[in-house]
Amino acid sequence: MLVIKDLHVSVVGKEILKGLNLTILAGEVHAIMGPNGAGKSTLANVIAGRGGYEITSGSVTYKNKDLLAMLPEERAWAGVFLAFQYPVEIPGVNNTYLLKAGVNAKRKQQDLDALDAIDFMKIVKEKAKLVELDPSFLSRSVNEGFSGGEKKRNEIFQMAVLEPSLALLDETDSGLDIDALRVVAKGVNKLRGEDRAIMMVTHYQRLLDYIEPDFVHVLANGKILKTGDKSLALELEERGYDWVKAEALGSEKSV
Amino acid sequence: MSVAAIRRRAFDLFKETGLPSTRHEDWKYTDISRIQHVLSIDSSSTAPIDNHASIINSTAIADLDAYKAVLVDGVFDDAHSNLPEDVTVLSLAAFLNDMGGQAPDDIQRLFEVRGDEPLFNGLLALNSAKASDGVLLCVANNTVLEKPLYIQHISTQTNFIRHAILMGKQAEAEVIEHYVGVSEEKALSSLSSNVILKQGARLQHIRIQQESNQQTHIARVEVKQLQDSSYTLHAVELGCALSRVDVVVALAEQGATCALNGLFVLGGRQHVDHHTRIDHIAPHCTSRENYRTVLDGRSRAVFNGKVVVHKGAVKTDSAQSNGNLLLSKHAEIDTKPELEIYNDDVKCAHGATVGQLDEQQLFYLRSRGISAVAAQELLTFAFADEVLTSMSNQQVRAYIEGIAFAKLPHGAELDGLLG
Numbered sequence: 001m002l003v004i005k006d007l008h009v010s011v012v013g014k015e016i017l018k019g020l021n022l023t024i025l026a027g028e029v030h031a032i033m034g035p036n037g038a039g040k041s042t043l044a045n046v047i048a049g050r051g052g053y054e055i056t057s058g059s060v061t062y063k064n065k066d067l068l069a070m071l072p073e074e075r076a077w078a079g080v081f082l083a084f085q086y087p088v089e090i091p092g093v094n095n096t097y098l099l100k101a102g103v104n105a106k107r108k109q110q111d112l113d114a115l116d117a118i119d120f121m122k123i124v125k126e127k128a129k130l131v132e133l134d135p136s137f138l139s140r141s142v143n144e145g146f147s148g149g150e151k152k153r154n155e156i157f158q159m160a161v162l163e164p165s166l167a168l169l170d171e172t173d174s175g176l177d178i179d180a181l182r183v184v185a186k187g188v189n190k191l192r193g194e195d196r197a198i199m200m201v202t203h204y205q206r207l208l209d210y211i212e213p214d215f216v217h218v219l220a221n222g223k224i225l226k227t228g229d230k231s232l233a234l235e236l237e238e239r240g241y242d243w244v245k246a247e248a249l250g251s252e253k254s255v
Numbered sequence: 256m257s258v259a260a261i262r263r264r265a266f267d268l269f270k271e272t273g274l275p276s277t278r279h280e281d282w283k284y285t286d287i288s289r290i291q292h293v294l295s296i297d298s299s300s301t302a303p304i305d306n307h308a309s310i311i312n313s314t315a316i317a318d319l320d321a322y323k324a325v326l327v328d329g330v331f332d333d334a335h336s337n338l339p340e341d342v343t344v345l346s347l348a349a350f351l352n353d354m355g356g357q358a359p360d361d362i363q364r365l366f367e368v369r370g371d372e373p374l375f376n377g378l379l380a381l382n383s384a385k386a387s388d389g390v391l392l393c394v395a396n397n398t399v400l401e402k403p404l405y406i407q408h409i410s411t412q413t414n415f416i417r418h419a420i421l422m423g424k425q426a427e428a429e430v431i432e433h434y435v436g437v438s439e440e441k442a443l444s445s446l447s448s449n450v451i452l453k454q455g456a457r458l459q460h461i462r463i464q465q466e467s468n469q470q471t472h473i474a475r476v477e478v479k480q481l482q483d484s485s486y487t488l489h490a491v492e493l494g495c496a497l498s499r500v501d502v503v504v505a506l507a508e509q510g511a512t513c514a515l516n517g518l519f520v521l522g523g524r525q526h527v528d529h530h531t532r533i534d535h536i537a538p539h540c541t542s543r544e545n546y547r548t549v550l551d552g553r554s555r556a557v558f559n560g561k562v563v564v565h566k567g568a569v570k571t572d573s574a575q576s577n578g579n580l581l582l583s584k585h586a587e588i589d590t591k592p593e594l595e596i597y598n599d600d601v602k603c604a605h606g607a608t609v610g611q612l613d614e615q616q617l618f619y620l621r622s623r624g625i626s627a628v629a630a631q632e633l634l635t636f637a638f639a640d641e642v643l644t645s646m647s648n649q650q651v652r653a654y655i656e657g658i659a660f661a662k663l664p665h666g667a668e669l670d671g672l673l674g
C-alpha cells in the first residue's frame with residue numbers, strides 16, 4: 001500500500017529525515033516510536049502533503065502512485081487520512097458540512113453520486129455513536145472550543161466517516177485519559193481490515209495495549225533504526241531509546 | 256425657528272465649509288472630489304424614473320415579512336409602501352408639509368447641524384439643507400413594532416435623504432435600510448439617519464449598501480441613547496465606487512448598550528471608509544464594536560474607530576475589534592483605533608488584525624478532501640460571516656450572505672459546502 005524509499009526531508013534547511021525506508025502493506029498496523037525531534041510527525045505530515053517540508057530525495061509510492069506528486073486533497077480522495085497531533089480550530093466552518101463536502105468530493109472522484117443529506121446524517125450519527133461523540137458537536141464549528149480530548153475524538157470520528165485506506169495517527173493518544181483512549185482505540189480497531197493500513201505515531205506503549213500493532217519501528221536520527229513486533233515497544237518502555245541508537249551506531253561502524 | 260429656517264442656516268454652513276478634502280484628518284484616505292459635479296445639479300427638479308415598479312420588485316429582499324417603505328430617488332413612494340397602522344411611519348416631507356413647516360421640537364432638532372459636532376463635515380450640512388424626503392418612524396412608549404420596517408432605496412441619480420427614528424420608552428423595533436443603485440451614472444446618495452432611544456428602548460438597525468458601481472454613498476448614522484437603551488447596528492458594505500459612513504453614538508445615560516458590527520466585502524477599485532465614534536458620557540454603559548473586511552482586487556477600506564470615555568463615565572465597558580483579510584496584494588486597509596479615556600475606572604479593549612488566510616486551516620480542510628480553491632473560499636466566507644452571527648433576522652442574513660458570497664472570486668466552488 002505504502003512504500004517509502006530513501007526519503008530525505010528538510011525543514012528550513014535542516015535535514016530531519018535522512019534516508020528513511022518503510023513499507024506498509026494492506027491490512028497491517030504499524031507503530032512508529034522514537035525520541036522527541038526524531039522526525040515522527042514530519043513523516044506523517046509529509047505523507048499527508050503538508051507544506052513547508054522540502055523533499056530533497058527519495059520516493060513515496062501509495063497504491064502504485066507517486067504520492068509526492070499529489071495535492072493534499074488528491075491524497076485525501078485517494079484514501080489517505082491524517083489524524084492531526086494538534087487539530088486546528090476553524091470558527092465558522094460547520095463540522096458536519098465539512099465532512100459532507102469531504103465525503104462527496106471523494107465520491108465524485110470515484111464517479112459515485114453524492115450522498116443526500118438523509119443518508120449522510122445516518123452515517124454521521126452511527127459513527128458519532130461509535131466514538132461516543134456528543135451529537136451536539138456535529139453542529140458546532142470545526143474543533144472550536146473543544147477540549148484537547150474532544151479534538152482528538154473528533155479526529156477519529158472524521159476518520160470513521162471518511163473511511164480511509166491509509167490512516168496516519170499522529171500522537172492521537174497524547175492528552176487522552178484512559179476512558180477516551182479506550183474509545184479512540186475502539187474507533188481505530190473498527191477501521192482495521194484487509195484493504196486498509198494504519199500508521200500510528202506514538203510516544204507511549206500504552207496505546208499499543210489497545211491497538212495491537214503488527215510492527216513497531218524505532219525512528220531516530222531521521223531513519224528507522226529498528227523494527228520489531230509488539231514486544232519491542234515493551235522493551236523501549238523499559239530501556240528507553242539510547243540502546244537502539246548505540247546498536248545502530250555500532251552496526252554502522254562495523255560496516 | 257421653522258424647519259425651513261434651520262435648513263437655510265445649514266446651507267449657509269455648507270457654503271462656509273464646502274466639501275471635506277483629504278487635508279482634513281478625518282478624510283485623509285478618502286477623496287470625494289469625484290462628487291464635485293453633482294453639487295451643481297438641482298436634485299429637486301429631476302423626475303422620478305419610469306416603470307420603477309419592476310425595479311422595486313426585482314431588487315427587494317425576497318419573502319421578507321416586513322413593513323415596507325420605498326423611496327425612489329429620494330422621494331417616498333406611497334403606492335409601493337406598506338406601513339403599519341398603529342405605529343407612526345410616514346414620509347418626512349409629507350409630515351413637514353402637513354405641519355406647515357412648524358414641526359415639533361424633536362423633529363426640528365433632527366435638521367439642526369452644528370459645525371462643532373463630532374465628525375462634522377460640509378456634506379452633513381448640505382444633507383440637512385437639501386434632503387427631499389425620508390422616513391419618520393416614531394414608536395410610542397411601551398410599543399413593539401411587530402414586524403421589521405424595511406426601507407428600500409432605489410437610486411438612479413443624486414439624492415439627499417434624511418431618516419428619523421424616535422424610539423419611546425421601552426419601545427422595540429427592527430429597521431432595515433437597503434440601498435440599491437440601478438444607474439451607471441456617477442451619482443451621489445447622501446443619507447442621514449437620526450436615532451433617539453429613550454429609556455429602555457431597543458433598536459436593531461441594519462444597513463445594506465448595495466449601490467451601483469459608479470455611485471458614491473455618503474451617510475451619517477447618529478444615535479443618542481438614554482438610560483438602559485440598547486442599539487445594535489449591522490453596517491454591510493457591498494456596492495458603490497466610494498462609500499463613506501460615519502457612525503456617531505452617544506451613550507448619554509447609564510446602562511445604555513450599543514453594538515456596532517461592520518462587514519465590507521470589496522473588490523475592483525471599490526473604496527469604503529467607516530469612521531465610528533462612541534461617546535461614553537454616562538457611567539455603566541457598554542459598547543461593542545466588531546468590523547471585518549474582505550478585500551480583493553485594488554479595493555481599499557478605511558476603519559477608524561474612536562471611543563471617548565468622558566470624565567464621569569465610570570465602569571465603562573468598551574471593546575473593539577477589527578479584522579481584515581487581504582485576498583490580493585494590491586488591496587489596502589487603513590485601520591486605526593482611537594481611545595480617549597478621561598477616567599480610571601474603565602475597561603477598554605481594542606485590537607486590529609490584517610492578514611491572509613491561515614495556512615494551518617487551509618491544510619486541515621484540504622486533508623479532508625476540500626479542494627484548495629474551495630478551502631480558501633470557505634475560510635474567507637467563515638471569516639466574514641462571523642460578523643453576521645449576531646443578526647437575529649435570518650432572512651436578511653441569508654440575503655447578505657448570498658450577495659457577499661457571489662462577490663468572492665470563486666463563489667461557485669462553495670456550492671454545497673454551506674448549509
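Protein chains in written order, with the numbering used here: chain A, 1 to 255; chain B, 256 to 674. All C-beta atoms in this analysis are idealised placements derived from N, C-alpha and C, irrespective of residue type, glycine included.
Cross-chain neighbours of residue i in chain B, by beta carbon under 8 Å
i: I90 (chain A); result: Q616, Y619, L620, L634 and A637
i: L82 (chain A); result: S622
i: L67 (chain A); result: Per Cβ cutoff of 8 Å: no residues; L67 (chain A) is ~13 Å from chain B at best.
i: L2 (chain A); result: Going along chain B, no residue has its Cβ under 8 Å from L2 (chain A), so there is no contact; the nearest lies around 16 Å.
i: L7 (chain A); result: Here the premise fails: no neighbours, minimum Cβ distance about 19 Å.
i: L232 (chain A); result: Simply none; closest approach about 30 Å.
Neighbourhood of residue i by C-beta, 6 Å cutoff - its chain only, sequence neighbours within 5 removed
i: T272 (chain B); result: G377
i: A265 (chain B); result: V368, A380, S383 and A384
i: T221 (chain B); result: This structure leaves residue 221 (chain B) out entirely; chain B is present only between 256 and 674.
i: V244 (chain A); result: V218, L225 and K226
i: I451 (chain B); result: L421 and K479
i: S542 (chain B); result: C513, I533 and S573
i: G175 (chain A); result: G148
i: E427 (chain B); result: V399 and R457
i: Y62 (chain A); result: L2
Same chain only: Cβ atoms within 7 Å of residue i, ignoring 5 sequence neighbours per side
i: R262 (chain B); result: F366, S383 and A384
i: D6 (chain A); result: G19, N21, S57 and G58
i: A246 (chain A); result: none
Interface residues of chain A facing residue i [CB-CB closer than 8 Å]
i: G624 (chain B); result: E73, A76, W77, A101, G102, V103, A105, K106 and L162
Distance between beta carbons of residue j and residue i, contact taken as under 8 Å
i: W77 (chain A); j: K122 (chain A); result: Contact doesn't hold; Cβ gap of about 22 Å is too wide.
i: Y434 (chain B); j: L319 (chain B); result: Wrong, their Cβ atoms sit about 15 Å apart, outside the cutoff.
i: S576 (chain B); j: N545 (chain B); result: 5 Å
i: H585 (chain B); j: R553 (chain B); result: 5 Å
i: R417 (chain B); j: L347 (chain B); result: 6 Å
i: Y284 (chain B); j: D589 (chain B); result: 5 Å
i: V161 (chain A); j: L99 (chain A); result: 5 Å
i: S313 (chain B); j: K323 (chain B); result: About 15 Å; that fails the 8 Å criterion.
i: Q464 (chain B); j: G494 (chain B); result: 6 Å
Per-residue contacts from residue i into chain A (C-beta, under 9 Å)
i: A627 (chain B); result: L71, P72 and E73
i: E641 (chain B); result: P91 and G92
Partners in chain B for residue i, counting only beta-carbon separations shorter than 7 Å
i: G158 (chain A); result: Here the sequence assigns Gln to residue 158 (chain A), which means Gly is not the residue at that position. Within 7 Å Cβ-Cβ: R623.
i: F146 (chain A); result: Result: empty, since nearest Cβ-Cβ is about 13 Å, beyond 7 Å.
i: R50 (chain A); result: F618
i: L219 (chain A); result: Within 7 Å Cβ-Cβ: nothing; L219 (chain A) doesn't reach chain B, min ~21 Å.
i: L22 (chain A); result: Within 7 Å Cβ-Cβ: nothing; L22 (chain A) doesn't reach chain B, min ~20 Å.
Beta-carbon contacts of residue i that lie in its chain and below 8 Å, excluding the five residues immediately before and after
i: S288 (chain B); result: L274 and S276
i: R182 (chain A); result: Y210
i: S438 (chain B); result: S410, T411, Q412, S467, Q469 and Q470
i: S387 (chain B); result: S298, S299, G329, V330, A348, N414, F415 and I416
Counting pairs of Cβ atoms below 8 Å between the region 360 to 379 of chain B and the region 397 to 413 of chain B, do you hit three or more? No, because fewer than three Cβ pairs between the region 360 to 379 of chain B and the region 397 to 413 of chain B fall closer than 8 Å, the two stretches do not touch.
Mind checking the region 118 to 135 of chain A against chain B and listing, in chain order, the residues whose C-beta falls within less than 8 Å of any C-beta there? Flagged: no residues at all.
Of all the residues that make up the region 196 to 209 of chain A, which are near chain B by a beta-carbon distance shorter than 7 Å? Result list empty, no residue passes.
When you compare the region 22 to 38 of chain A with the region 151 to 163 of chain A, are there three or more beta-carbon pairs, one atom per stretch, that lie closer than 8 Å? No, the region 22 to 38 of chain A is not in contact with the region 151 to 163 of chain A.
Is it a yes or a no for the region 409 to 420 of chain B touching the region 325 to 335 of chain B, going by three-plus beta-carbon pairs under 8 Å? Output reads yes: the region 325 to 335 of chain B touches the region 409 to 420 of chain B.
Tell me, please, whether the region 199 to 208 of chain A touches the region 137 to 146 of chain A by the rule of three or more beta-carbon pairs shorter than 8 Å. No, the region 199 to 208 of chain A is not in contact with the region 137 to 146 of chain A.
How about the region 223 to 238 of chain A and the region 47 to 56 of chain A: do they share at least three Cβ pairs that are nearer than 8 Å? Result no; under three Cβ-Cβ pairs closer than 8 Å.
Closer than 8 Å is the cut-off here; do at least three beta carbon pairs connect the region 165 to 172 of chain A with the region 129 to 136 of chain A? Flag = no, the region 165 to 172 of chain A and the region 129 to 136 of chain A do not touch.
Determine which residues of the region 162 to 176 of chain A have a Cβ less than 8 Å from any Cβ of chain B, and write them out in chain order. Per Cβ criterion, the list reads L162.
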